[in-house]
Amino acid sequence: MAFTFAAFCYMLSLVLCAALIFFAIWHIIAFDELRTDFKSPIDQCNPAHAVSTTSGVLSNSY
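Quick note: the sequence shown uses the numbering used here, first residue 62, plus one each step.
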């Protein structure tokens, strides 16, 4: 029994629908991670600022 064009189109639409659902969920997760992982540049630099401040104080004191 050979596949008809209609059966081929139906199977192709099922595969494409599954791919679109996967990418929709993937984009939702990716955008949610961007929203929750955002840090302001000042918050990101605070640990480096503390290290550079202490090393600057130590190097200036000796």
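Even for Gly, the Cβ is constructed at its ideal location relative to N, Cα and C.
Shown here, A63 sits in coil according to DSSP, grouped into three states, outside any helix or strand.
S74 and E94 have their C-alpha atoms some 30 Å from each other.
Between T65 and V76, the alpha-carbon positions lie close to 17 Å from each other. Just so you know, the alpha carbons of A67 and I90 end up roughly 35 Å apart.
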